[in-house]
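Chain order of the listed sequences is A and B. In this text, residue positions in the first sequence follow our numbering: the first is 376, and each later residue adds one. In this text, residue positions in the second sequence follow our numbering: the first is 45, and each later residue adds one. Quick reminder that beta carbons are idealized off the backbone N, C-alpha and C, glycines included. All of these numbers come straight from a predicted model, not from anything done at the bench. Below is one structure, written out as structure tokens; comments come after it.
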Amino acid sequence: MLSYIVHRILIMIPTLIAISIVIFTIINLPPGDYFTTYIAELQSSGEAADLAKINFLKAEYGFDRPLWEQYIFWAGGLLHGDMGYSFAYNLPVNQVVGDRLLMTFIVSLSTILFTYIVAFPIGVYSATHQYSWSDHLLTLLGFLGLATPSFLLALVLLYLANVYFGISIGGLMDPKYVDQPWTFDKVVSVAAHLWIPVVVIGTAGTASMIRRLRANLLDELQKQYVVTARAKGLHPLKLLFKYPLRMALNPFISDIGSLLPHVISGAAIVSVVMSLPTTGPMLLDALRSQDMYLAGSFLMFMAFLTVIGVFVSDLALAVLDPRIRLQAGRRE
Amino acid sequence: MSETRFNRREVLQIGFAATVALAVPTEAPAELQETPALKNDVGTGNLPKVEERVPEEPAVAELETIGTPGGELRMLMGGPKDTRMMVVYSYARLVGYTPSLKFAPDILKSIEIEDNRVFTLHLRKGHKWSDGQPFTTEDFRYWFEDVAQNKHLSPSGLPISMLPQGEGPRFEVLSEAAVRYTWARPNPLFLPDLAGPSPLFIYRPSHYLKQFHEKYADKKVLDGLVTQAKQRNWAAYHNKLDAMYRDDNPDLPSLEPWILKTRPPADRFIFERNPYYYRIDKQGNQLPYIDRVILSIADSKIIPAKTGAGESDLQARYLRFDNYTFLKASEDRNHYKVRLWRTGPGSQLALYPNLNVNDDVWRGLVRDLRFRRALSLAVNRHEINQVIYFGLAIEGQNTLLPQSPLYDPRHRSAWAQFDTREANRLLDLVGLAKGSDGIRQLPDGRPAEIVVENSGESTEQSDVLELIRDSWRRVGIKLFAKPSQLTLFRRRVFSGEALMSIDKGIENGLATPAMSPWEFAPTTQQQLEWPKWGQYYETKGAAGEPPGLPSAIRLLQLYEEWLAAGTEEAHTRVWHDMLQIWADEVFSIGTVAGVLQPVVVNDKLRNVPEQGIYNWDPGAYFGIYKPDGFWFDLSEASAKSASATISPPGPR
């Protein structure tokens with residue numbers, strides 16, 4: 376087991392190096408760089424950019440050097456925990472990302488909790504009552520949730536919340552609490568704003584979770600051991616929770632791997648539409664304006680979390696399910 | 045001081061027509077009143093009294109109504125970089141435009157100009173930076189000698205607008221309060237650049253920035269600061285802190301009405317009143333009236349919705365004409381009014397045939413005057429106006445607007461009537477025969493299909509193209525719209541891959557003779573009709589191609605003439621010649637202009653004009669109307685009527 380863990384950790388290093396190369400290459404693929412994008416933007420709003428100054432900046436930040444040199448410079452910085460410099464914000468990347476991580480964390484965690492709380496009971500119910508009218512109704516609702524574009528739902532909810540509850544449009548709190556220290560009123564304001572993004576981002580996830588849980592559970596419910604347990608007169612609820620439900624959970628544990636980066640990145644599109652102070656819109660802007668160190672370092676951070684997440688979920692699976700542990704042990 | 049006074053008298057005696065002394069007559073203002081919001085600080089001794097804060101010779105504002113100080117102004121911005129808009133809107137300039145587009149000294153007490161060559165600037169006695177330090181000619185000297193001519197801080201040297209024919213000025217400090225710039229040749233770019241929305245800052249808070257300048261600072265301390273800020277060297281650090289235009293350094297002393305208090309990064313920027321501001325009203329209240337300005341950052345696409353929900357007190361940026369109905373619908377519920385201001389571009393959207401297109405056959409065609417005229421004649425501007433702009437816009441070519449003193453209605457209407465018969469005749473003359481499907485054929489047999497590229501930023505462009513496609517079809521030209529992405533789009537035009545593009549028309553439709561006619565000559569790569577010719581001029585021949593049409597060469601000559609000319613008559617003459625060529629040659633095909641810009645104004649906000657011009661340069665958006673004089677009327681009675689109170693009872 377120990378050597379397995381060491382093996383996995385060692386494998387992470389080449390994986391991360393490969394990812395960093397891919398990220399850097401893709402960010403540099405579109406023609407031009409941050410400064411050309413910036414000039415075009417200024418021009419489109421009628422402002423003139425000082426060409427000489429921009430050439431000076433390009434030289435200053437090494438944009439005139441070959442790509443591989445720029446890569447070494449960036450990757451070397453990452454190893455020292457230096458995430459580089461954001462041109463758009465004119466600040467070190469660490470400072471730009473700082474505050475947004477907390478808000479992203481709050482939104483994502485609430486969304487995940489919301490998804491679990493809603494999806495679990497419904498999933499279990501519709502599996503145990505397969506093809507009843509209530510199952511059909513819940514299935515229909517689930518598919519509606521899957522099919523509704525979340526940005527549209529976001530716009531509709533924003534409008535209704537503003538007109539009927541007077542909640543300010545977009546953002547995670549009333550404008551007057553932004554950048555203020557945390558007080559009780561601020562927490563209340565965040566709570567009042569939080570439900571819309573949570574519902575919007577959570578809807579699709581909830582729907583797909585209901586479907587998966589239902590399918591997994593249905594698989595298990597047909598199996599012999601369930602029939603045996605039932606024949607032996609075990610209480611239906613105890614039976615359900617003790618055996619098939621546990622089996623049906625495996626896919627959710629392995630989901631942790633993708634959950635971790637999701638918690639940090641949030642749902643970009645919905646966040647843009649709702650103007651949430653999370654990391655999603657920041658990443659999107661950085662990619663669009665080719666603010667390459669901000670985009671690159673943040674993606675790298677997410678890649679790192681994904682790799683860790685997958686590792687953790689593998690370990691958790693091994694702990695929870697003896698069959699998986701056995702196979703892993705046998706490979707040694 | 046005595047020396048300059050002598051100068052002025054001498055000037056008057058000789059009666060030199062070319063010499064102008066710009067000074068706003070100052071009448072003795074009423075006794076200065078302490079600002080309520082600052083009373084506390086003055087009481088505790090944190091701030092000196094108002095008499096010591098305001099310059100001895102303050103600027104007295106001409107305001108529609110005298111206001112009461114106080115209140116908070118909320119505005120929405122699309123990104124943290126938009127803090128620079130506060131510098132644009134505040135419009136505190138050495139010399140600025142008045143709403144009638146005349147130059148007037150603003151931060152300066154007065155300015156004397158001889159032959160557009162010798163500029164003598166007089167400061168206000170006792171003028172102070174926002175930290176209470178005196179604002180003197182040393183601040184001008186610091187910039188001219190230690191910033192602009194320091195090769196680490198400004199590798200390219202003095203800005204272009206201070207280098208007529210490549211020569212810099214002679215700089216003299218005459219006294220604590222007077223400086224003089226003397227050029228060998230006229231420099232007509234100097235004043236417009238000082239008055240620009242993104243102005244030429246020829247002064248710096250030297251007492252603050254010297255701490256970060258190699259020449260003045262202790263090397264060890266400075267090196268420590270540079271490393272701490274993760275900057276590459278002292279010059280990069282100095283440039284980062286020296287954010288007069290970016291306005292993202294809360295420590296930088298300023299002359300603006302409101303000073304940044306929030307340290308970026310943030311999603312909400314707070315600007316507080318400058319207690320040392322140089323303008324007062326006629327009753328002796330120090331401006332600005334409004335205590336705090338708050339910029340909230342939101343995604344630009346959600347800003348119309350947020351504005352409609354009443355989250356902004358004064359908003360025009362990121363609002364578009366097609367938001368009008370939505371905004372109007374919640375006027376009463378959220379207590380604001382939507383006003384419609386005219387915009388300044390020469391055309392809301394214009395088509396630019398790319399004279400530098402790579403395709404030989406097409407290049408020959410778009411350089412053919414008859415072809416360009418035919419395409420222009422085949423655009424139904426009236427239809428565009430009615431369908432998309434509710435008939436509220438001005439139809440015609442991409443040229444100056446009626447508000448400009450140089451406006452000639454013939455220029456706007458030249459080749460702008462909808463006349464498919466004449467267009468067909470011209471196209472026949474060019475030699476493009478119609479095929480069996482009614483589409484004309486190029487000399488090499490290809491069908492005449494024009495792909496119009498755009499930046500894909502708004503649906504407005506696609507809507508207009510849809511209409512043009514129908515009318516061009518009637519003269520046998522097929523049009524395809526190709527939206528792409530801003531950077532990519534410009535790149536394709538610059539490289540000659542794009543045959544035609546659609547974008548905003550000329551930026552400054554309100555030009556006066558004193559403003560540069562650069563937009564009408566190939567002067568920069570950014571001009572979509574001749575990017576390579578512009579690049580050639582911009583890079584002094586290092587890249588691009590020399591202009592290949594006699595008319596374009598002539599325009600460039602005229603532009604050079606304008607640069608060299610020193611009098612208004614000469615400038616006017618050059619302008620008229622250029623506009624005439626521009627109208628004859630149809631280098632860009634205009635559609636409609638003067639499209640209305642929705643401006644949302646809180647019901648309680650006063651002194652914002654009912655009708656205005658919303659323009660970048662000249663205008664600085666709200667800047668030309670001086671927002672330091674805007675105020676909130678919080679009295680009960682005023683909440684109902686928009687025509688404000690005349691004046692509050694004089695405090696005495």
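Q. Among all the DSSP beta bridges, which residues are the ones paired with Gln485 of chain B?
A. In the DSSP secondary-structure assignment, Gln485 of chain B is bridged to B:Pro491.
Q | CB contact check: Ala703 of chain A to chain B, cutoff 8 Å | A | Low per-residue confidence applies at Ala703 of chain A: pLDDT is 46, beneath 50, and the placement is therefore not dependable enough to give any value.
Q | CB contact below 8 Å: Glu355 of chain B versus chain A | A | For Glu355 of chain B, the closest Cβ of chain A is nearer than 8 Å.
Q. Per DSSP, what kind of secondary structure is Trp459 of chain B in: helix, strand or coil?
A. Correct three-state label for Trp459 of chain B: coil.
Q: With a cut-off of 8 Å on the beta carbons, I'd call Ala627 of chain B and Ala458 of chain B a contact; round off their distance for me.
A: Confirmed, about 4 Å.
Q: Note down, in chain order, each residue of its chain lying with its Cβ closer than 8 Å to the Cβ of Tyr539 of chain A, except the 5 sequence neighbours on either side.
A: In its chain, beyond the 5 residues on either side, no residue has a beta carbon closer than 8 Å to the beta carbon of Tyr539 of chain A.
Q. Beta-carbon of Glu707 of chain A versus every beta-carbon of chain B: anything under 8 Å?
A. Residue placement at Glu707 of chain A cannot be trusted, given a pLDDT of 41 that sits under 50; the coordinates are not used to answer.
Q) Would DSSP call Leu165 of chain B helix, strand or coil? A) Secondary structure at Leu165 of chain B: strand, using DSSP grouped into helix, strand and coil.
Q: Determine the chain B residues that contact Phe431 of chain A at a beta-carbon separation under 8 Å, and present them in chain order.
A: In chain order: Pro199 and Ser200.
(Q) What are the residues in the region 435–447 of chain A lying within 9 Å of chain B by C-beta distance? (A) For the region 435–447 of chain A, the residues whose beta carbon sits under 9 Å from a beta carbon of chain B are, in order, Glu435 and Tyr436.
Q | Identified DSSP bridge partners for Gly155 of chain B | A | Per the sequence shown, the amino acid found at residue 155 of chain B is Ile instead of Gly. Ile155 of chain B has B:Leu66 and B:Leu165 as its beta-bridge partners, per DSSP.
Q.
Below 8 Å on C-beta distance, what does Pro550 of chain A contact in chain B?
A. Close partners of Pro550 of chain A in chain B (Cβ separation under 8 Å): Arg118, Arg312, Ile338, Ser340 and Glu355.
Q: Could you tell me the distance, in whole angstroms, from the CA atom of Gln641 of chain B to the CA atom of His379 of chain B?
A: Cα-Cα distance, rounded: 19 Å.
**Q.** Bridge-paired residues (DSSP) for Thr412 of chain A
**A.** According to DSSP, Thr412 of chain A bridges with nothing at all.
Q.
One question on the structure: do Tyr289 of chain B and Phe256 of chain B come within less than 8 Å of each other, judged by their Cβ atoms?
A. Inclusion of Tyr289 of chain B and Phe256 of chain B in the CB contact set at 8 Å is not warranted, their separation being larger than that value.
**Q.** the region 250–284 of chain B: positions lying closer than 8 Å to chain A by Cβ
**A.** Across the region 250–284 of chain B, CB contacts with chain A closer than 8 Å involve Lys274, Arg276, Ala280 and Lys284, in sequence order along the chain.
(Q) What does the alpha-carbon distance come out to for the pair Ala467 of chain B and Glu613 of chain B? (A) Straight through space, the alpha carbons of Glu613 of chain B and Ala467 of chain B are spaced by roughly 38 Å.
(Q) Taking the alpha helix (DSSP H) that Lys264 of chain B belongs to, which residues open and close that run? (A) Per DSSP, the continuous alpha helix (DSSP H) segment holding Lys264 of chain B begins and ends at Lys263 to Gln272.
Q) Taking the continuous beta strand (DSSP E) assigned at Asp514 of chain B, which residues delimit it? A) Looking at the DSSP string, Asp514 of chain B is not in any beta strand (DSSP E); the run it does join, the alpha helix (DSSP H), is Thr503 to Arg517.
Q | Amino acids of chain A, ordered along the chain, whose beta-carbon sits closer than 9 Å to that of Thr127 of chain B | A | The premise fails here: Thr127 of chain B is roughly 11 Å from chain A at the closest Cβ pair, so nothing lies under 9 Å.
(Q) Would Lys350 of chain B pass as an interface residue toward chain A - the criterion being a Cβ-Cβ separation below 8 Å? (A) Among the residues facing chain A, Lys350 of chain B is included, as its CB has a counterpart in that chain under 8 Å away.
(Q) So, at 8 Å on beta carbons, what are the nonlocal neighbours of Asn51 of chain B in its own chain, with the 5 sequence-adjacent residues on each side left out? (A) Only weak support exists for where Asn51 of chain B lies, its pLDDT of 40 falling under 50; the coordinates are left without a value.
Q | Reference Val639 of chain B; option with closest CA among B:Thr142, B:Ser356, B:Trp385 and B:Gln461 | A | Just measuring C-alpha positions, the residue of B:Thr142, B:Ser356, B:Trp385 and B:Gln461 sitting nearest Val639 of chain B is B:Trp385.
Q. If the cut is a Cβ gap below 9 Å, which residues of chain B does Thr709 of chain A touch?
A. Since the first residue shown for chain A is 376 and the last is 707, residue 709 of chain A is missing from the structure and cannot be characterised.
Q) Along chain A, in chain order, which residues have C-beta atoms closer than 9 Å to that of Thr556 of chain B? A) In chain order: nothing, as chain A lies at least about 18 Å away.
Q: Identify the contact partners of Leu466 of chain A in chain B, using a Cβ-Cβ distance below 8 Å as the criterion.
A: At a beta-carbon threshold of 8 Å, the residues of chain B lying near Leu466 of chain A are Pro308 and Pro309, ordered along the chain.
Q. Can you name the residues of chain A whose CB is closer than 9 Å to the CB of Ile546 of chain B?
A. Correct list: empty, because the minimum Cβ distance to chain A is about 13 Å.
(Q) Going by C-alpha to C-alpha distance, which of B:Val431, B:Gln430, B:Ala148 and B:Asp412 sits closest to Ala65 of chain B? (A) The residue with the shortest Cα to Cα distance from Ala65 of chain B is B:Ala148.
Q: Classify Val471 of chain A as helix, strand or coil using the three-state DSSP reduction.
A: If DSSP states are grouped into helix, strand and coil, Val471 of chain A belongs with the helices.
Q) Starting from Val98 of chain B and walking both ways along the alpha helix (DSSP H), at which residues does that stretch end? A) Note, Val98 of chain B: premise wrong, no alpha helix (DSSP H); not H, not E.
Q: May I ask which residues mark the beginning and end of the beta strand (DSSP E) holding Ala148 of chain B?
A: Run containing Ala148 of chain B: Phe147 to Pro149, per the beta strand (DSSP E) assignment.
Q.
Under 8 Å, Cβ to Cβ, is there at least one residue of chain A near Ile43 of chain B?
A. A query on residue 43 of chain B cannot be resolved here, the shown segment of chain B reaching from 45 to 696 and no further.
Q: Jot down the residue ranges of each uninterrupted beta strand (DSSP E) in the region 619–650 of chain B, minimum 3 residues, whole runs only, in chain order.
A: Within the region 619–650 of chain B, the complete beta strand (DSSP E) segments of 3 residues or longer fall at 640–646, listed in chain order.
Q) Who are the neighbours of Asp292 of chain B on chain A, taking C-beta pairs under 7 Å? A) Ordered by position in chain A, the residues that pass the 7 Å Cβ test against Asp292 of chain B are Asn465.
Q. Do you know whose CA, among B:Ala558, B:Gly585, B:Phe538 and B:Gln624, lies nearest Pro575 of chain B's CA?
A. The candidate whose alpha carbon is nearest that of Pro575 of chain B is B:Phe538.
Q: If I'm right that Pro626 of chain A touches Leu592 of chain A with Cβ under 8 Å, what's the distance once you round it to whole angstroms?
A: Cβ-Cβ separation between Pro626 of chain A and Leu592 of chain A: approximately 11 Å, too far for a contact (criterion under 8 Å).
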